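Colleague:
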Amino acid sequence: MAALTRLFRPALAVVVLAAGAGCSTISSDGRLLGLVTPYRMEVVQGNVVTREMVAQLRPGLSRDQVRQLLGSPLLTDVFHGDRWDYVFTIRRQGTEPQQRRVTVFFDGERLSRFDAGEAPSEREFVDSITVSPPKPRRTPLELDEQQLRAIAPPKPTRAAALVPGTAASGPARSYPPLETVSR
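Counted the way the working numbering counts, the sequence shown spans residues 1136 to 1318.
(1) Looking at the secondary structure, which residues open and close the beta strand (DSSP E) in which Gln1191 lies?
(2) Report the three-state DSSP secondary structure of Thr1140 (helix, strand or coil).
(3) Out of His1215, Gln1234, Asp1217, which one is the CA nearest neighbour of Thr1224?
(4) Please state if the CB of Arg1236 and the CB of Val1213 are separated by a distance shorter than 8 angstroms.
(5) Count the other C-beta atoms from every protein chain shown that fall within 10 angstroms of the C-beta of Phe1249, then say buried if there are 16 or more, exposed otherwise.
(6) Would Thr1172 be called buried (16 or more neighbouring beta carbons within 10 Å of its own) or exposed?
(7) Buried or exposed: Leu1210, going by 16 or more other Cβ atoms within 10 Å of its Cβ?
(8) Would you check if the distance between the CB atom of Phe1241 and the CB atom of Arg1193 is smaller than 8 angstroms?
(9) In angstroms, rounded to a whole number, what distance separates the CA positions of Glu1177 and Thr1230?
(10) Of all the alpha helix (DSSP H) runs that stay within the bounds of the stretch 1195-1244, which reach a length of 4 or more residues?
(11) Going by beta-carbon coordinates alone, are Asp1220 and Thr1238 separated by less than 8 angstroms?
(12) How big is the Cα-Cα spacing for Gln1180 and Ile1264?
(13) Go to Val1261, then tell me how far its alpha helix (DSSP H) extends in each direction, as first and last residue.
(14) Buried or exposed: where does Val1316 fall if 16 or more other Cβ atoms within 10 Å of its Cβ makes it buried?
(15) Relative to the alpha-carbon of Val1245, which residue among Pro1255, Arg1202, Glu1187 has its alpha-carbon at the smallest distance?
(16) Using the rule of at least 16 other Cβ atoms within 10 Å of the residue's Cβ for burial, across every protein chain shown, is Pro1289 buried or exposed?
(17) Between the Cα of Glu1253 and those of Ala1137, Arg1175, Val1189, spot the shortest distance and give me the residue it belongs to.
(18) Would you mind stating whether Pro1255 and Thr1185 have Cβ atoms separated by less than 8 angstroms?
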C-alpha cells in the first residue's frame, strides 16, 4: 500500500501540472502562446439603416410605410408593441465590432417618434465594411541595363577550355530514333 502511495503522488502531481500548463497557454483574447489566433468568421446581423433612410421618416407614417422604408424590424417586443428596434451588428476578425441601433416608437398605428443616434450615410457605411485586399507584390520579369551589367559573364566550361576553337559535336554514341517514320 505504501509503494502504491509513493507512485500515486508523483503521477498526480504530473497530471495537475500538465493541466495547469495547458490552461495557461490560451489567453483571454483567444491567442495560443501569444502567436496563433483562431479564425473568426465574419458575422453580419440585422438591418442596415442609413442617414438617407432616417431622413425619410416623419411622424404620422403608418407601420406599413415605416416597414417599407426601413425593412422588417429585428426586434418587436410583445410587451412593448409600440416599439420597433432595428439593430445592425457586424463582427469581423481583426476589427472592433460595429453596432448601430434605430428605435421607432408608434402611437397606435402611426409613427410618433424615432431615435436613430448617429446613422452613417450610405457611402460611410460602405467604406466602414469594405475590406481592401492586400496589394500583390509585383515581381519584375526583366532586368534593366544596370542589372545586366552587374551580372558577370558566364565562365567557359572545362571542355571548351581544353580545346579552343572546336565546335561542339554530337553524342559519342548513336541512338535509335524515338519515333518511327511511316510512309
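Yeah, the Cβ is synthetic: ideal placement off N, Cα and C, and Gly gets one too.
Source: prediction; values computed, not measured.
Modeller: From the atom records:
(1) What you label residue 1191 is simply residue 56 of the sequence shown in a count that begins at 1. Where Gln1191 is concerned, there is no enclosing beta strand (DSSP E), given that its DSSP letter is neither H nor E.
(2) Numbered from its first residue, the sequence shown carries residue 1140 at position 5. In the structure shown, Thr1140 sits in a helix (DSSP, three-state: H, G or I).
(3) Here the question's residue 1224 lines up with position 89 in the sequence shown. Looking at the Cα atoms, Gln1234 is the closest of the given residues.
(4) The residue labelled residue 1213 in the question sits at position 78 within the sequence shown. The residue labelled residue 1236 in the question sits at position 101 within the sequence shown. Against a cut-off of 8 angstroms, the Cβ pair of Arg1236 and Val1213 comes out as no contact.
(5) Position 114 of the sequence shown, counting from 1, holds the residue named residue 1249. Buried: at least 16 other Cβ atoms inside 10 Å.
(6) As a position in the sequence shown, residue 1172 is number 37, starting the count at 1. It counts as exposed.
(7) To locate residue 1210, count along the sequence shown from 1; it is residue 75. Looking at its Cβ environment, which holds fewer than 16 other Cβ atoms inside 10 Å, Leu1210 is exposed.
(8) Mapped onto the sequence shown, residue 1241 falls at position 106. Mapped onto the sequence shown, residue 1193 falls at position 58. Not closer than 8 angstroms, so no.
(9) Translated into positions along the sequence shown, residue 1177 becomes position 42. Translated into positions along the sequence shown, residue 1230 becomes position 95. If you take the alpha carbons of Glu1177 and Thr1230, they lie about 10 angstroms apart.
(10) 1198-1205
(11) Along the sequence shown, read from residue 1 onward, the residue named residue 1220 stands at position 85. Along the sequence shown, read from residue 1 onward, the residue named residue 1238 stands at position 103. Yes. Within cutoff.
(12) For this step, residue 1180 is matched to residue 45 along the sequence shown. For this step, residue 1264 is matched to residue 129 along the sequence shown. Distance between the alpha carbons of Gln1180 and Ile1264: 13 angstroms.
(13) In the sequence shown, counting from the first residue as 1, residue 1261 sits at position 126. First-last of the alpha helix (DSSP H) with Val1261: 1257-1264.
(14) Your numbering for residue 1316 matches position 181 in the sequence shown. Burial call: exposed.
(15) Position 110 of the sequence shown, counted from the start, is the residue given in the question as residue 1245. The identity of residue 1245 in the sequence shown is Arg, whereas the question assumes Val. Measuring from the Cα of Arg1245, the nearest candidate turns out to be Arg1202.
(16) Taking the sequence shown and counting its residues from 1, one reaches residue 1289 at position 154. Exposed is the call here.
(17) Position 118 of the sequence shown, counted from the first residue, corresponds to residue 1253. Comparing Cα-Cα distances from Glu1253 to each of Ala1137, Arg1175, Val1189, the minimum goes to Val1189.
(18) Counted from its first residue, the sequence shown places residue 1255 at position 120. Counted from its first residue, the sequence shown places residue 1185 at position 50. Yes, the Cβ-Cβ distance between Pro1255 and Thr1185 is below 8 angstroms.
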